[in-house]
Amino acid sequence: MWLRTKFAAWLSIAIVVLLAAGLFWLRLPAVSWQSSLLDTLPQEADPAQQVYMAHQQPNEQRFMLLFTVANDDFAAFATALRQELAELTSSEAEIQPLQQLDAQAIVSIYAEYAGQWASPSDLTTLRENPQQLIQYAQQRLQQPLPLWVDIQQDPLLLSQRLVEALPEPLPNFAAEGPLYVRHSATHTSIVVALQSKADTLSQEHSRTVVAHTEQLLSALTATAIPHEVIRSGLVFHTDAAATQAKYEMTWFGGLSLAFVLILLWWVFRSLLHLLYSLVVVSVSTLVGVTAVMWCFNSPHVLTLVFATTLIGLCIDYVFHASIGASHGKNNWQQVVPALLLGAATTIVGFLLLTLLSLPLLQQLGVFMAAALVSVTGLVLLIPALGLTKPTTLRWQRLHQKVARSYQHVAPRTGSIILVVLAITCSIAAWQTYRSDDAVQLLATSSESLLAQEQEMREQTQAFYDSEVILIKATSMNELYQRYARVHRRLVDWQQQGWLTSWQSWFDYVPTPQQQQQVSDALAQLWQQPAGQDYLAWLGIQPPQANLSSRQQLPKAHPLYENFFYTSADAKQPVVGVIRLRGSTTNNDFTQAIAALNGVELFSPLTQASEALGHYRSQLMQWMMALVILLFIVLSWRLPYSRRQQRYLASLHVSAIIITALSSALAIAALWQPLNAFHFVGAMLVIVLGIDYGIFCASRIPRAHALQAISISALTTMFAFGALSFSQTAAIASFGVTVLIGVAITAVLVPLLTPANSTHSV
200 MWLRTKFAAW LSIAIVVLLA AGLFWLRLPA VSWQSSLLDT LPQEADPAQQ VYMAHQQPNE
260 QRFMLLFTVA NDDFAAFATA LRQELAELTS SEAEIQPLQQ LDAQAIVSIY AEYAGQWASP
320 SDLTTLRENP QQLIQYAQQR LQQPLPLWVD IQQDPLLLSQ RLVEALPEPL PNFAAEGPLY
380 VRHSATHTSI VVALQSKADT LSQEHSRTVV AHTEQLLSAL TATAIPHEVI RSGLVFHTDA
440 AATQAKYEMT WFGGLSLAFV LILLWWVFRS LLHLLYSLVV VSVSTLVGVT AVMWCFNSPH
500 VLTLVFATTL IGLCIDYVFH ASIGASHGKN NWQQVVPALL LGAATTIVGF LLLTLLSLPL
560 LQQLGVFMAA ALVSVTGLVL LIPALGLTKP TTLRWQRLHQ KVARSYQHVA PRTGSIILVV
620 LAITCSIAAW QTYRSDDAVQ LLATSSESLL AQEQEMREQT QAFYDSEVIL IKATSMNELY
680 QRYARVHRRL VDWQQQGWLT SWQSWFDYVP TPQQQQQVSD ALAQLWQQPA GQDYLAWLGI
740 QPPQANLSSR QQLPKAHPLY ENFFYTSADA KQPVVGVIRL RGSTTNNDFT QAIAALNGVE
800 LFSPLTQASE ALGHYRSQLM QWMMALVILL FIVLSWRLPY SRRQQRYLAS LHVSAIIITA
860 LSSALAIAAL WQPLNAFHFV GAMLVIVLGI DYGIFCASRI PRAHALQAIS ISALTTMFAF
920 GALSFSQTAA IASFGVTVLI GVAITAVLVP LLTPANSTHS V
């Protein structure tokens with residue numbers, strides 16, 4: 200019978216493993232793991248912002264390299280760089296020079312519209328003093344300089360002048376093929392602007408792009424030509440973040456597991472306990488990952504980092520079940536209800552996270568809930584598996600002493616202590632409360648990468664702020680008109696100090712009104728003697744205006760996709776964007792934007808920060824709701840004989856949780872302002888506090904319950920303590936809160952009066 204029972208238990212475990220593994224491999228090809236912190240945030244509900252954000256991925260694939268070499272080495276280095284770029288652009292990463300900086304492509308567009316477009320200054324000159332343009336054109340035509348316009352279509356060379364007056368994509372850098380070069384007295388700076396079709400937000404694709412780029416840099420280093428290089432681009436930050444997350448996940452999980460195994464061996468001195476603990480952790484992790492992969496198409500790598508805490512949570516139930524089973528059948532019968540009640544409340548706590556609209560919390564909730572369901576089933580098999588070896592005598596005696604020391608505290612005194620602590624710590628947390636939801640504080644990059652980004656911005660001046668003006672409309676014609684109206688206001692806003700500079704579509708292409716004015720002015724000029732004499736000097740006929748072309752947008756322009764966005768959904772608006780630099784958000788600027796129909800000021804980082812603040816508030820509300828819900832459940836299910844005892848015990852458990860939460864948040868706020876991830880940790884403090892409270896308030900002998908609680912608290916504190924050293928601020932916030940909260944909970948729960956006590960609650 201014993202063999203059949205033990206065999207059936209292991210068979211059940213094998214079936215769960217095979218089923219979870221099969222579902223894992225079946226789903227794996229369809230899942231793409233994300234690693235950008237912005238991917239942990241929900242999609243913006245505003246339609247224009249949705250369209251804009253959906254098109255930012257191609258922009259995020261751009262990256263730049265800036266080399267500095269001595270002037271004497273420039274020629275040799277430039278030759279080597281061009282050779283390595285040719286190999287890089289033919290690699291499997293599909294890396295190509297940035298098309299928006301392709302001078303030849305830009306010139307071809309303006310050549311197509313030759314004679315139809317003119318810069319604003321040339322338009323003014325054409326109206327007031329056309330002879331000046333005629334003289335310029337005559338002088339230019341008599342010089343041995345290249346012309347790329349059709350002189351019969353554009354006699355005044357307006358298109359050539361327009362291109363020469365365009366904003367420089369890289370100020371002070373001259374285009375030399377795929378390179379942009381700036382010479383100084385002793386050194387030469389070379390900028391290489393690249394783009395990749397690979398998904399930068401995919402850690403696998405980012406690693407591929409960065410790996411190919413590093414190969415290029417290594418090849419240049421091998422030339423032995425002295426040079427310096429700096430990198431700029433989200434792809435480098437994404438790859439570094441993913442690498443750091445993998446490193447932390449491996450080491451934090453490994454250290455936590457090693458600590459658990461050492462503690463288990465010291466307490467149980469049983470290889471079978473070690474083996475089964477590894478089985479529980481492995482199976483529950485597999486089940487949790489599989490559940491996340493089936494519930495989400497693009498899970499986040501941070502979910503796995505947070506899930507390393509599974510070792511500190513799931514292993515708790517192994518401790519409680521093993522110690523309970525080691526004290527005989529009667530004690531096991533008292534442990535099972537506490538196990539089930541603790542697991543149920545913990546699972547409910549994690550499932551509540553799925554009701555929030557923050558993707559990372561939803562994934563974490565699914566992971567933990569699924570893992571804990573499997574853990575609950577596995578620990579109930581412990582007696583059948585024969586894991587009934589008692590803990591070492593030293594461990595038992597230690598906790599017998601601890602239990603006796605807490606017995607010296609009278610129940611009434613303990614009750615007063617818990618209530619007073621809850622009130623005092625709540626007041627302290629309220630007084631010290633400070634929060635900052637800026638997403639920049641959470642997305643931690645290395646100092647080296649940040650310094651390179653700053654230097655690249657200062658040298659190239661090619662970057663704009665994240666804040667943009669969005670213009671939306673139902674059609675491209677309507678959008679084009681609205682865009683032109685906003686563009687005309689930019690100079691006024693600049694003069695009022697609301698922005699430093701901008702990048703607008705109409706910095707590169709004349710507005711429809713300007714196009715019509717150019718056409719009218721040219722038609723008038725060709726009817727005047729000065730214009731006729733100039734055409735006779737050229738020996739050509741007056742050009743014919745192509746009015747139909749002005750009714751269409753030049754979609755072939757390399758910058759077109761940088762300013763106009765559409766969606767496959769016909770219900771979504773078409774959106775235009777104006778990028779800002781040095782913008783100052785104030786009420787006057789906001790009101791000026793809001794006064795324009797279909798126009799709004801938008802910053803993805805500000806929106807993300809506001810979203811985090813909203814979810815922090817949501818988490819606070821959910822915490823209060825969870826404490827109330829748990830008070831009701833415990834008042835109903837705790838094994839006290841009288842209702843008044845259950846109410847009072849539930850109040851004590853709630854007081855312990857409130858004390859632990861308040862203390863953890865107040866202490867964490869000393870290091871950094873609180874954010875949403877502190878409150879994620881706070882929710883875990885609640886579910887852990889409930890587990891500890893249930894076991895201390897059950898009919899399990901106090902010394903037996905404390906043996907398991909102390910092991911659980913130590914392993915959990917170690918796991919979360921390791922997370923508190925993470926380089927990612929979000930993970931560190933999470934770890935610090937749980938570390939402090941669990942420590943305080945473990946110290947206070949022995950003050951609860953057990954259900955089998957002869958003393959009055």
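With the sequence shown counted from 1, adding 199 to any position gets you this note's numbering. Just so it is clear, CB atoms sit at the ideal spot from N, CA and C, and this is done for glycine as well.
So, helix, strand or coil for SER834, using DSSP? helix
Per DSSP, GLY775 is paired with what? ILE670, PHE763
Would the stretch 483-498 and the stretch 560-573 be scored as touching if the rule is three or more Cβ pairs under 8 Å? yes
Residue range of the unbroken beta strand (DSSP E) whose run includes GLN993: The requested residue 993 does not occur in the structure, where the chain is confined to residues 200 to 960.
Since PHE276 is in the beta strand (DSSP E), which residue starts that stretch and which ends it? Note, PHE276: premise wrong, no beta strand (DSSP E); alpha helix (DSSP H) at 273-288.
Separation of SER911 from CYS513, as counted between CA atoms: 9 Å
As assigned by DSSP and simplified to three states, the class of PRO964: Residue 964 is absent from the model: the chain starts at 200 and stops at 960.
Check whether the Cβ atoms of LEU887 and THR927 lie closer than 8 Å to each other. no
Select from VAL937, ASP890, ALA867, ARG842 the residue whose C-alpha is nearest the C-alpha of ALA881. VAL937
Is it buried or exposed for ASP271, if we count other Cβ within 10 angstroms and need 16 for buried? exposed
Would the beta-carbon of LEU297 fall within 8 Å of that of GLN233? no
Within the continuous alpha helix (DSSP H) that includes GLY293, where are the two ends? One detail in the question is off: residue 293 reads as Glu in this sequence, not Gly. Premise fails: GLU293 is in no alpha helix (DSSP H) and is neither H nor E.
If VAL776 and ILE668 are in contact, beta carbons under 8 Å, what's the gap, nearest whole angstrom? 7 Å
For ARG845, which residues of its own chain have a beta-carbon under 6 Å away from its beta-carbon, when the five flanking residues on both sides are left out? SER834, LEU837, TYR839
Of the listed residues ILE308, VAL479, LEU284, nearest to LEU415 (C-alpha basis): LEU284
Can you check whether the CB of LEU905 is closer than 8 Å to the CB of PRO953? no
Give me whichever residues DSSP pairs with ALA839 in a beta bridge. Note on identity: in this sequence residue 839 is Tyr, with Ala being the wrong assignment. Answer by DSSP bridge pairing: none, since TYR839 is not bridged.
For the beta strand (DSSP E) holding GLY472, just list the boundary residues, first then last. Contrary to the premise, residue 472 reads as His rather than Gly in this sequence. Here HIS472 belongs to no beta strand (DSSP E); instead the alpha helix (DSSP H) covers 470-494.
Can you check DSSP and say which residues form a bridge with THR387? VAL268, HIS382
Thinking C-alpha only, which one of LEU869, GLU311, ALA374 is nearest VAL708? GLU311
Which runs of the alpha helix (DSSP H) at least 4 residues long sit entirely within the stretch 848-935? Give them in chain order. 875-895, 901-922
What's the call for ASN258, buried or exposed, on a 16-neighbour Cβ count within 10 Å? The predicted model places ASN258 with a pLDDT of 41, which falls under 50 and marks its position as unreliable, so this point remains unresolved.
Quick check on DSSP: helix, strand or coil for TRP465? helix
Is it true that the CB of LEU586 sits closer than 8 Å to the CB of TYR446? no
Of all the options LEU734, ILE670, TRP697, which has the alpha carbon lying nearest to the alpha carbon of ASN785? TRP697
Contact the stretch 807-824 vs the stretch 863-872: 3+ CB pairs below 8 Å: no
Rounding to the nearest angstrom, what Cα-Cα distance links VAL380 and ALA661 in this structure? 14 Å
Close-in-space but distant-in-sequence residues of the same chain around GLN561 (CB under 6 Å, 5 per side omitted): THR553
First and last residue of the uninterrupted alpha helix (DSSP H) at GLU646: 646-659
Could you pull the start and end residues of the alpha helix (DSSP H) that ILE739 belongs to? No alpha helix (DSSP H) holds ILE739; DSSP gives it neither H nor E.
Go ahead and pull the three-state DSSP assignment for SER808. helix
Could you tell me which residues DSSP puts in a beta bridge with PHE262? LEU393, GLY432
For ARG633, the three-state DSSP class (helix, strand or coil): coil
Using the rule of at least 16 other Cβ atoms within 10 Å of the residue's Cβ for burial, across every protein chain shown, is MET823 buried or exposed? exposed
Where does the unbroken beta strand (DSSP E) through ALA374 begin, and where does it stop? 373-375
Using the beta-carbon count (16 or more within 10 Å), is SER383 buried or exposed? exposed
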